[in-house]
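Q: Residue numbers (my numbering): 1381 to 1685.
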Amino acid sequence: MKKIFTLFAAMVVAAGMFAQNYGILVNGNTYFAGSKVDEFEGFVQYLAHVQLKSGDFCQLCDADNKAVWAVDINAASVAGFTRNGDKYDVSVDGCFDFYIKLKYGADELYIGPGSNCGSGIPVEGQGGEGGGQQGGGEEGGSSACGHDFYAIGWINGADAGEAAYDKYDDKYLFANGKLAIDCQMGSYIAIKDFDGNFYYSKKQTTIQDTKVTMDWANGWAGCEKWAIPEGMNYIIIRKIAFKGQIELERVDKATFDAYSLEFCDEEDAVETPTVKANVTKTIENGQVVLIKDGVRYNLLGAQLQ
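1. What's the C-alpha gap between GLU1629 and GLN1588?
2. Between ILE1532, THR1635, LYS1633, which lies nearest to ASN1577 when the distance is taken from Cα to Cα?
3. Which residue comes first and which comes last in the beta strand (DSSP E) that contains THR1462?
4. Any contact between the stretch 1413-1433 and the stretch 1446-1456? By contact I mean 3 or more CB pairs, one from each, below 8 angstroms.
5. Any idea if THR1410 is buried or exposed, counting beta-carbon neighbours within 10 angstroms, 16 or more meaning buried?
6. In angstroms, rounded to a whole number, what distance separates the CA positions of MET1612 and ASP1573?
7. If you follow the alpha helix (DSSP H) that PHE1636 is part of, which residue opens it and which one closes it?
8. Assuming LYS1605 contacts TYR1568 under a Cβ cut-off of 8 angstroms, what Cβ separation, rounded to an integer in Å, is found between them?
9. When you compare only the Cα positions, how much space is there between ILE1571 and LYS1558?
10. Report all residues from its chain with a CB closer than 6 angstroms to the CB of LEU1405; omit the five preceding and five following residues, and keep chain order.
11. Within the same chain, show all residues whose beta-carbon is closer than 6 angstroms to that of GLY1566, passing over the 5 residues directly before and after it, in chain order.
12. Which whole-angstrom value is the C-beta distance of ALA1555 and TYR1614, which I expect to be below 8 angstroms?
13. Throw me the rounded Cβ distance for the LEU1432 and VAL1458 pair, which I believe falls under 8 angstroms.
14. Return the Cβ separation of PHE1636 and ALA1524 in integer angstroms, given the expectation that the two are a contact with Cβ distance under 8 angstroms.
15. Under 8 angstroms, do ALA1597 and TYR1580 count as touching if we go by C-beta distance?
16. With 16 other CB atoms within 10 Å as the buried threshold, where does GLN1500 fall?
17. If you follow the beta strand (DSSP E) that ILE1617 is part of, which residue opens it and which one closes it?
18. Kindly list the residues whose CB is nearer than 6 angstroms to the CB of GLY1674, restricted to its own chain and excluding five residues on each side of it in sequence; keep chain order.
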């Protein structure tokens, strides 16, 4: 976990919460930093030289605020890249120039033939091999420190249906490792973190199942949601790993009230505020918006009305 904060948190301290450090994250574990280049047709642009091979996936990355996402690919881009939700699937080998083109309400990505590609910066603990086990982490993932996890699924009818998968409603946020939800008959849930990763059960469940293990589901099919009984449900996270496994359990209210799970250990907790620092990320009309102390900013750091 230390190395991830060396890259993502130290820059925040040095340059401020809205410093501009955009680049490309490959396979969740290798960062190719971008550099600001001339504006074009009203777009603020950042250029990253990225080495890729078929089978990789990549994402836009705001290194300072630890956000990853995807936008539409400019139609003039080279072939071999397909947007798949919050990432891009790669089906070609080579060195490519990624132009991250930012304009509020019209962000896009242009990908062209590249040059001067390096090997990138290894980012330990971002879904690559050898992730740590701090802060409730389990083998196969990394520390949950600095990440937010939300319940998604059919919970209260239209209030949290399939369309809510692209929203982040704090009433479905696991705070201190627990969540109380009042469910209608036929409810079910899965988990999504704010970095756009999904967690599902690999086995079918029924409302009699009081425990479930959810696995990081990006890249595999057969995803099952957890069936939840009608009425008030008190759900706690027993174990959690970012891009790993999440163990959930339904408990009684007394157990729920007494329970608390901190995602960060003492070592991480010292560093985490530089990343979180009263900043909330949200998606508005397909754009990432940062909210700091109640004020809304776009990814360029400009205040929004």
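Beta carbons are placed, not taken as given, at the ideal position from N, Cα and C, and that holds for glycine.
A: The structure says:
1. GLU1629 and GLN1588: Cα-Cα distance of roughly 12 angstroms.
2. Of the candidates ILE1532, THR1635, LYS1633, the one whose C-alpha sits nearest the C-alpha of ASN1577 is ILE1532.
3. From DSSP, the beta strand (DSSP E) with THR1462 extends over 1461-1464.
4. No: the two stretches stay apart, fewer than three of their Cβ pairs being nearer than 8 angstroms.
5. Counting the other Cβ atoms within 10 Å of the Cβ of THR1410 gives 16 or more, which makes it buried.
6. Each residue's alpha carbon lies about 23 angstroms from the other.
7. Judged by DSSP secondary structure, PHE1636 falls within the alpha helix (DSSP H) whose first and last residues are 1633-1638.
8. With a Cβ gap of about 4 angstroms, LYS1605 and TYR1568 count as contacting.
9. For the pair ILE1571 and LYS1558, the Cα-to-Cα distance works out to about 12 angstroms.
10. So the qualifying residues of the chain are TYR1411, GLN1439, CYS1441, VAL1448.
11. For GLY1566, where only same-chain residues beyond five positions count, there are no Cβ hits under 6 angstroms.
12. Contact flag wrong, Cβ pair sits at about 13 angstroms.
13. Rounded, the Cβ-Cβ distance is 11 angstroms, inconsistent with contact.
14. No, PHE1636 and ALA1524 are not in contact; Cβ-Cβ is about 19 angstroms, not under 8 angstroms.
15. In this structure, ALA1597 sits near TYR1580, with a CB-CB distance shorter than 8 angstroms.
16. Checking the displayed sequence, the identity of residue 1500 turns out to be Gly instead of Gln. With 16 or more other Cβ atoms inside 10 Å of its own Cβ, GLY1500 counts as buried.
17. Start and end: 1611-1620.
18. Non-local beta-carbon contacts of GLY1674 in its own chain, meaning distances under 6 angstroms to residues more than five positions away in sequence, are absent.
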